[in-house]
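Engineer: Before I ask anything, let me first share the structure, which is written out below as structure tokens.
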Amino acid sequence: MSETPDQARTRRRWISLAEIATVAGLLIGAGGLYLNWQDRREDQAEKASATAKESRAKSIATLTGTVEKGDRIALNDAAHTLSTVTVRLPAALGGTTHDAMPGPQIDKDWFASALLKATDGGADERTGRLPVLVTATWWDGDREVRDTSLYDVLWRTEGQMLGGRKLALTGFTLRSRQGSTKALEAAWAKTKPTP
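Letter by letter, the sequence shown follows residues 9 to 203 in the numbering used here.
Written as structure tokens, this is what we have:
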């Protein structure tokens, strides 16, 4: 049996529609594959970012301070067991580095006389901030981690009944994550008390 010209045209039209449907199906499938690949890539990027943030958080010490009778500040980091802590004072107050262990703690005897001398000649009752450079070290598994940040020791002076003044510590706060001797001296230049 032979085809009539009308039947041949109809057959060709159906072949064209079948081809179009196949191509459309391929395009939809390719689009789906691309979207799945893109989603997977974004998920991996989010996981990598979260891992990097977690790793960064593990490498930062955020010390808090509890004032004990105005004489010392007990330091603590809830996220780490600190193995060493050192505290560096501004050069104008001796520029010395103190081992804050055991404890760790900051003791007012490290700088009380120098700070009282720096505030001599002014009012007896004063408040201020003393920038200190704190370096904390701890272990993360078998890796030693070190963090150096700039903190402020809050203080006040008050007159005594028999003359003279005394210094009391009142608080402890993070000033900057950018801890260096240069940053310490710049902070002291901004906050140093004037007589």
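For every residue, glycine included, the Cβ atom is placed at its ideal position computed from N, Cα and C.
#1: For R164 and G136, what's the separation of their Cα atoms in angstroms?
#2: Entirely within the segment 162 to 186 and at least 3 residues each: give me those beta strand (DSSP E) ranges in chain order.
#3: From R19 to P13, what distance separates their C-alpha atoms?
#4: Might you give, ordered along the chain, the residues of its own chain that have their beta carbon closer than 7 Å to the beta carbon of R183, omitting 5 neighbours on each side?
#5: Is E193 helix, strand or coil when you go by DSSP?
#6: Relative to the C-alpha of W118, which residue among V31, D107 and D128 is closest?
#7: By a C-beta neighbour count over all protein chains shown, 10 Å radius and 16 as the cutoff for buried, is W147 buried or exposed?
#8: Q113: buried (16+ other C-beta within 10 angstroms of its C-beta) or exposed?
#9: My guess is that L97 and T89 are in contact by the Cβ rule of under 8 Å, so how many angstroms apart are they, rounded?
#10: When the Cα of D156 is compared with those of S121, A32 and I68, which residue comes out closest?
#11: Entirely within the segment 77 to 150 and at least 4 residues each: give me those alpha helix (DSSP H) ranges in chain order.
#12: Give me the Cβ distance between T145 and R134, rounded to the nearest whole Å; I'm assuming they're in contact under 8 Å.
#13: According to the Cβ coordinates, are L143 and V75 closer than 9 Å?
Structural biologist: So, from the data block:
#1: Start at 1 with the first residue of the sequence shown, and residue 164 comes out as number 156. Start at 1 with the first residue of the sequence shown, and residue 136 comes out as number 128. About 6 Å.
#2: Entirely contained in the segment 162 to 186, the beta strand (DSSP E) runs reaching 3 residues are, in chain order, 173 to 184.
#3: The residue given as residue 19 occupies position 11 in the sequence shown. The residue given as residue 13 occupies position 5 in the sequence shown. Near 10 Å, if we compare the C-alpha coordinates of P13 and R19.
#4: Here residue 183 refers to the residue found at position 175 when the sequence shown is read from its first residue. If you ignore the 5 residues before and after R183, its C-beta comes within less than 7 Å of the C-beta of P139, L158, Y159, D160 and A195, all in its own chain and listed in chain order.
#5: In the sequence shown, residue 193 corresponds to position 185, counting from 1. Three-state result, E193: helix.
#6: By one-based count along the sequence shown, residue 118 stands at place 110. Closest option to W118, Cα to Cα, is D107.
#7: The residue you call residue 147 lines up with position 139 of the sequence shown. Classified as exposed, W147 has fewer than 16 neighbouring CB atoms from the shown chains inside 10 Å of its CB.
#8: As a working note, residue 113 is residue 105 in the sequence shown. It is buried - the Cβ of Q113 has at least 16 other Cβ atoms within 10 Å.
#9: As a first step, residue 97 must be located in the sequence shown, where it is residue number 89. As a first step, residue 89 must be located in the sequence shown, where it is residue number 81. Not really, about 26 Å apart at Cβ, beyond 8 Å.
#10: On the sequence shown, position 148 is the one that residue 156 refers to. Contrary to the premise, residue 156 reads as Thr rather than Asp in this sequence. Of the candidates S121, A32 and I68, the residue whose Cα lies closest to the Cα of T156 is I68.
#11: Contiguous alpha helix (DSSP H) elements confined to the segment 77 to 150 occur at 120 to 126, taking only those with 4 or more residues.
#12: By 1-based counting over the sequence shown, the position of residue 145 is 137. By 1-based counting over the sequence shown, the position of residue 134 is 126. The Cβ separation is near 34 Å, so there is no contact.
#13: The residue you call residue 143 lines up with position 135 of the sequence shown. The residue you call residue 75 lines up with position 67 of the sequence shown. Position check: residue 143 holds Thr in this sequence, whereas Leu was assumed. No.
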